[in-house]
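Residue numbers (this note's numbering), protein chains in the order written: chain A, 1 to 540; chain B, 1 to 540.
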């Protein structure tokens, strides 16, 4: 027996329609790449997105065609997304911070037909143009006055847009059709293309808007510092217009001063970015003595939020920290650490302990932790295992890749993270699956050991890797960079762990080195360390 | 090009799964029909719903089968909904306040196979049993100790449930399959069956949970005073577990004292019901001097919230009023009057003016106002027209009724209300479409005129109807019941309108009567008035 409700597809342009109709004058403010602050509204942005859609269609773009963007967060980047979505084409955000050959590889793999770039990134296009195999034309997000000379075929966005008008209706597409793409930059192998659908974007935006997640309201003034090219822009290009929240976009400048300036002048109530950005802001505040009188909440994700950062925001600046976790494959939000009634009364260190957790999942995100055989482990806040997720905004396969094997038999996606979950659903990442040490069938978190090692006053940096062991399969090896001018002994370093870990977690040996290798984003390069110490054997 | 996200259907039992997994110990508190307060949790409620699903399946119920409920808001009624949803069967809430022959007609029309009733309503079943054509068995929501003698085949719920166990998995159903039914009691013709789907219920629950709608969080303690049998229970049986909010259910007692008691002892933060219920509560508070120290928000809908009620809640008891509008055909919420930034600073009478509006729509509800030809009218806060709505939780047709003609060519459903919408999307109902007066092509709101007439000190009650007019098609006739002992004149009554309305709105005549006919729910019976004055002619 069928339900007798209307057939109303979950397509992205409906979100902008809602904002333009119900919140027509709400501000969309951007720091432009050319310099000045630019102000528009949802009503105007929709008109320009309709115009752009008509222009894209006239160009010959059609449903399913991909268009790459190399662009900062501005109103023009937003318009580009909705203009493409409005004809069923696919926005494909490319991270301009990747190496040029990776950028070319990704664009070719996606077979992008057009490339939409900010002025900042024109040099990248110059460098890779000869390697691009599918791109026909480049649109530079500026006007004729600012248009640079290019060796590739290009048009200034404003003039290109002006060749059409807003007399256009969004093309109707199936809600399961592709809407957007974002490649994950894996540490090994080629990047993999995640393909969002209209349905996944809409459901995700609805799911993360609720009070216990991002809690987005029309009265909010939201600054997405997280770039649109980072993990689907954390969905803010959808969830903000859905709520009718004002958007404040930082354009190309993400230094402490620039961010503070917009937070202050635009009275931002909620902002979101990775810890690195907030470190720069906090340093700027400390240096200048400035404060954050308008900001109410800060969403911190992308990597674990350091305890000291939470403490500074909450205790010094009276800004509530919302620790969050997600991944490109999850559209991206998986959890937010808001306070359920069971933990609402925690204060001081106990509250900070809780806030170190990545948080709990919204409706539409299912989580489980399992052992290597896929058997579920309990939600007791200590037993950790592989974190797996399921939901309408979670990837089922990658672009052009064989579908087999990516999901488990119950349809869950393996995040590659290792975590535990407590009885109230608070999840905490304890390691990456490829780094966790398996000792005699039990798992040891390298991240926990590294954090504990840092408690010793002479330790500048610490890394833990698993090394083969004849009896226990693997055992932890602690690698330490001592602080300048110190020469700590093995025994005193290991003494730091006593009483803080189970006995069988104790590293079997300590090695002192001058330097630990890092990835481009500053993380410890454990693959290199494992290679370096592949011949290491523990003493008998 | 398809999106590559997971196929995760929007089915109702997933909501209870989410609550049981992420908010396992959150309370579901009910005043039982037998008397005592009953406490359970989402985890336990899910176990019992699984058991019930297994029991329903063993009985022989299958996908699409309908089961009627005649029941108050209690944990057992919630379990019944989810138990049915979990095998793809359909909960069909029947309003026990209808006349017994209407109840029988509705149950027969829906072809309900089982009837689940509270002890309170056993006498109704006794009265109608001989007329029921499809019901095979009755489950009484109680245990063996409280089970009455019945002349119809019946089982006590607890014992019936105990014949199964919770080792069961929800049956997978298509998200567009029927989930629930609720009949609208039209003023003319037979009741019409609205059929909710799993998808419409899930999307609706997500849409109304956001901060600018019901704003439901895990820290909330929500009391749905509105019965589950009234317009899909305002979605609270879905939106509360979705948010992990505690539920406090009033069972059979909705008098002021009983409601206050639960609000106070259970520290309810949010509650929802029709104005009649709140009138009883406010009278009780005034009489006893009691206050509402825990209550933060009250949702008022079903009929227009009187200005004095908003004033009392907000100014005397410091409870924020959320005026809301919806209808059975909309699952049911259409608008909530939360404060957007444009109106957030209003105070005093200006704020009350705003709060008299029914509010603005969430994402997934599209509204428009049109003239009789379907041409859209502007959102200017004064031009009114027929209110039409579109969305995934809006009815497209009624059970067993011809589909033709119910939606307009753009797929909008005519609400039967007349309203205007302002530039920020705030909608206000000004009349019912069948009551509005069409005078020379312009529309006159009878409700506005009635409210103004009440400003005259001698008017006890006023009704306005349209009467045929040779030149203007229709003109307003004002019918007045004077207060006891007063004999106001026509001219002085009409003087009340001067300066308050456009000249052409002025009623052409006034008639004094001793009584105005009312419907069972206390509304003015305009059909009867129009019949009574069908021969009336205005003086030349």
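Think of the CB as a built atom: it goes at the ideal place given N, C-alpha and C, for glycine as much as any other residue.
Check	Outcome
Which of helix, strand or coil DSSP assigns to residue 376/B	strand
Beta bridge counterpart(s) of residue 5/B as assigned by DSSP	395/A
Residue 177/B vs residue 197/B beta-carbon contact at 8 Å	yes
Under 8 Å from the C-beta of residue 395/B: neighbouring residues of chain A	4, 5, 6
Beta-carbon spacing of residue 541/A, residue 418/A below 8 Å	No answer is possible for residue 541/A: the residues shown for chain A start at 1 and end at 540.
Identity of the residues DSSP links to residue 294/B by a beta bridge	In the DSSP output, where bridge partners are listed per residue, residue 294/B has none listed.
Cβ separation of residue 395/B and residue 358/B, assumed to be a contact under 8 Å, to the nearest whole Å	About 19 Å; that fails the 8 Å criterion.
In chain order, each beta strand (DSSP E) run of at least 3 residues that lies wholly inside the region 144–169 of chain A	154–156
Three-pair Cβ contact test at 8 Å for the region 130–146 of chain B versus the region 13–27 of chain B	no
Where residue 115/B falls: helix, strand or coil (DSSP)	strand
Helix, strand or coil at residue 531/B according to DSSP, with G and I counted as helix	helix
Cutoff 6 Å; reference residue 543/B; Cβ partners in own chain excluding five residues on either side	For residue 543/B there is no data in the structure shown, the boundaries of chain B being 1 and 540.
Sub-8 Å separation of residue 518/B and residue 526/B beta-carbons	no
Three-state secondary structure assigned by DSSP to residue 94/B	coil
Neighbourhood of residue 371/B by C-beta, 8 Å cutoff - its chain only, sequence neighbours within 5 removed	377, 385, 386
Cβ pair count under 8 Å reaching 3, the region 218–226 of chain A against the region 334–348 of chain A	no
Residues of the region 4–33 of chain A whose Cβ lies closer than 9 Å to any Cβ of chain B, in chain order	4, 5, 6, 7, 8, 9, 10, 14, 15, 17, 18, 19, 21, 22, 23, 24, 25, 26
Strand pairing of residue 544/B, partner residues [DSSP]	Nothing in the structure corresponds to residue 544/B, since chain B is present only between 1 and 540.
Proximity below 8 Å, CB of residue 423/B to CB of residue 328/B	no
Chain-ordered chain B contacts of residue 460/A [CB-CB under 9 Å]	Residues of chain B passing the Cβ test: none, with the nearest at roughly 40 Å.
Limits of the unbroken alpha helix (DSSP H) element including residue 280/A	275–288
CB contact below 8 Å: residue 121/A versus chain B	no
Among 83/A, 415/A, 337/A, 73/A, the one whose alpha carbon lies nearest that of residue 427/A	337/A
Short CB-CB distance (under 8 Å) between residue 216/A and chain B	yes
Residue interval of the beta strand (DSSP E) (run including residue 477/B)	473–482
Short-range partners of chain B found in the region 339–353 of chain A, where Cβ spacing is below 8 Å	339, 340, 341, 342, 344
Residue 502/B (DSSP reduced to helix, strand or coil)	coil
Residues near residue 237/A by beta carbon distance below 7 Å, same chain, minus five either side	78, 81, 228
Closer than 8 Å to chain B by CB, residue 210/A	yes
Through-space distance from residue 175/A to residue 97/A, alpha-carbon basis	32 Å
Partners in chain A for residue 360/B, counting only beta-carbon separations shorter than 8 Å	22
Whole-number beta carbon distance between residue 439/A and residue 475/A, since they are thought to touch under 8 Å	6 Å
Which of helix, strand or coil DSSP assigns to residue 539/B	coil
Element boundaries [alpha helix (DSSP H), containing residue 497/B]	First-last for residue 497/B: undefined, no H or E at that position.
Residue 41/B versus residue 194/B - alpha carbon distance	30 Å
Cβ neighbours of residue 119/B in the same chain (closer than 6 Å, five flanking residues each side left out)	33, 142
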